[in-house]
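Read in the working numbering, the sequence shown has 96 at position 113, and its numbers run on one by one without any break.
Cβ atoms here follow ideal geometry from the backbone N, Cα and C, with glycine treated the same way.
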Amino acid sequence: MILLTGGTGYIGSHIAVELLQAGNEVAILDDLSNSDKSVIERIQHIAQRNVIFYHGDVRDSSLLASIFQDHHIESVIHCAGLKAVGHSVKDPLAYYDVNVYGSICLCSAMQKAGVKRLLFSSSATVYGIEAEPPYVETMARGVSSSPYGTSKGMVEKLLEDLFASDPQWSVGILRYFNPIGAHPSGYIGELPQGTPNNLMPYISQVAAGVLPELLIYGDDYATDDGTCVRDYLHVVDLAIGHRVALTVLEEPGVHRYNLGTGSGISVKQMVDAFVASIGVEVPYRYAPRREGDLAAFWASASKAERDLGWQPGKTLEDMMVDTWRWQQFSNKAQQSS
Ligand code: NAD
Ligand code: UFG
């Protein structure tokens, strides 16, 4: 059985479906602080398999101990955490508490239970503000622009130290670039609380008329069209990346992988791609740069391809179409609630 923390969240729910469809038994631990219990039924509906759900906090050591006692857990995928970059600047303690202390609680419980295989949800942000793209796994971690990013780098270091102390540990550090899109079924996707911070949900809410217009933060960056460049990947491809990364855990060590497509696309190109794929207008205007944004970064994706045989299979159009289908599903769900 695989224990998946944060499994009712955006990325975790897609990982759960992928694991179940591949025949794995899955237990989810989530405190539902940024997700909804209905996601469990939707995961089960897509996968046509049951999942075990624990409603609880990853910092609850006695709950963790009982989960490890009640099930034969082979590996853990640790997605639970707080992820809003701007919020982390305002409330850093919450980020160090949930992201860092939560990981300490989880690893302690794993160590006590003799479970030493872990995949960790890290982020491209650990490469830091000075790194030159494409980001390669051999680059050292840099200085992050936010407490959120720092918390991810701290957990990476903690996991490296854990392996140094006990070479039986197998740790997969997965550095996500910019996951977008939703499951093609339309049953699961990202559920931003309030106004979204991220580009893709913002674009789709403007297209749906929920928000009046998109603000494009900055048109004077040193990029081809002056807007920021990122490496957007489909969340289903990201979920597949976790399934295949579980295989590297058979070898003890610290394994670092970028999960990105290897190419960058600008904010303006994203808006144009959405309009071209969906045929719905997205009113936008340029606004000043957003504090903390980097001009451009994307992944070197060759290590994941070489070692894991992982290559994103979804197109930019898939990302747009699936985002839009999910937007319509969530609109309907909101109207009927
Ligand atoms: P999400 O907020 O949708 O999912 C996180 C889940 O963790 C939520 O369901 C939330 O309820 C749960 N959670 C939060 N605190 C918890 C706690 N103390 N105990 C138990 N559960 C808790 O976010 P996501 O986008 O699915 O991100 C998953 C992971 O991937 C996070 O660790 C995030 O930092 C990382 N990540 C996300 C992105 C991105 O762009 N979405 C990029 C890089 C890394
Ligand atoms: N953007 C806009 N308008 C918006 C929202 C975003 O122009 O309304 C722009 C941003 O300025 C940025 C780009 O769209 O240039 C992408 O922004 P996102 O907020 O979607 O994503 P980020 O690259 O800022 O951050 C994401 C995750 C972080 C993670 C980082 C690196 O949110 O958790 O990728 O992995 F750390």
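Residues near residue i in its chain [Cβ-Cβ closer than 6 Å; skip 5 each side]
i: Pro130; result: Ser71, Pro75 and Tyr78
i: Glu173; result: Tyr(-7) and Pro184
i: Arg25; result: Tyr170 and Ile171
i: Asp208; result: Ser249 and Lys251
i: Val0; result: Ile26, Ile29 and Ala30
i: Ala270; result: Leu198 and Tyr200
Residue i vs residue j beta-carbon contact at 8 Å
i: Val250; j: Leu182; result: yes
i: Arg308; j: Gly169; result: yes
i: Phe36; j: Ile11; result: yes
i: Ser127; j: Gly111; result: yes
i: Gln(-4); j: Ser44; result: Checking the sequence shown, residue -4 turns out to be Ser, not Gln. Taking 8 Å as the Cβ cut-off, Ser(-4) and Ser44 do not qualify as a contacting pair.
i: Tyr267; j: Leu157; result: no
i: Gly247; j: Pro116; result: yes
i: Asp321; j: His166; result: Residue 321 lies beyond the stretch modelled for the chain, which goes from -16 to 320, so this question has no answer here.
i: Phe103; j: Val154; result: yes
i: Ala63; j: Asp13; result: yes
i: Asn161; j: Arg213; result: yes
i: Gly164; j: Lys297; result: yes
i: Gly224; j: Ser283; result: no
i: Leu291; j: Val231; result: yes
i: Val193; j: Val265; result: no
Coil, strand or helix - residue i by DSSP
i: Ala205; result: coil
i: Arg25; result: helix
i: Ala270; result: strand
i: Val154; result: strand
i: His54; result: coil
i: Ile248; result: strand
i: Lys297; result: coil
i: Ile87; result: helix
i: Leu277; result: coil
i: Ser18; result: coil
i: Ala228; result: helix
i: Gly(-5); result: helix
i: Asp43; result: coil
i: Val263; result: coil
i: Asp255; result: helix
i: Lys73; result: helix
i: Gly177; result: coil
i: Thr210; result: coil
i: Ala48; result: helix
i: Glu113; result: coil
Residue i CB to nearest heavy atom of the ligand GTP below 7 Å
i: Arg32; result: Questions concerning the ligand GTP fall outside what the structure shown contains, since the ligands it does hold are the ligand NAD and the ligand UFG.
Per DSSP, the bridge partner or partners of residue i
i: Thr(-12); result: Leu12 and His61
i: Val237; result: Val154
i: Leu216; result: Pro162
i: Tyr37; result: Leu12
i: Arg100; result: Ser153
i: Ile199; result: Tyr269
i: Leu242; result: Tyr159
i: Ala282; result: Tyr118
i: Ser106; result: Tyr159
Own chain partners of residue i with C-beta closer than 8 Å, once the 5 adjacent residues on each side are dropped
i: Met253; result: Leu182, Met183, Ile186 and Tyr215
i: Arg42; result: Asp80, Val81, Tyr84, Gly85 and Cys88
i: Ile(-15); result: Leu2, Asn7, Glu8, Val9, Ala10, Ile56, Glu57, Ser58, Val59, Ile60 and Leu229
i: Ala48; result: Ala92, Lys95 and Ala96
i: Gln176; result: Asn17
Cut-off 7 Å between Cβ atoms - residues of its own chain near residue i, not counting five sequence neighbours on either side
i: Met122; result: Tyr110 and Ala114
i: Trp152; result: Lys99, Leu145, Phe146 and Pro235
i: Ser18; result: Thr(-9), Gly(-8) and Leu174
i: His28; result: Tyr170
i: Ala256; result: Leu299 and Met303
i: Met137; result: Val83
i: Glu288; result: Gln294
i: Gly132; result: Ser106, Thr108 and Val109
i: Gly39; result: Leu12, Asp14 and Leu46
i: Thr206; result: Val212, Ser249, Ala278 and Ala279
Do the region 53 to 60 and the region 184 to 199 meet, that is, are 3 or more Cβ pairs less than 8 Å apart? Segments in contact, no.
Can you find at least 3 beta carbon pairs, one from the region 272 to 279 and one from the region 232 to 243, that sit closer than 8 Å? Contact between the region 272 to 279 and the region 232 to 243 is absent: fewer than three C-beta pairs spanning the two stretches fall below 8 Å.
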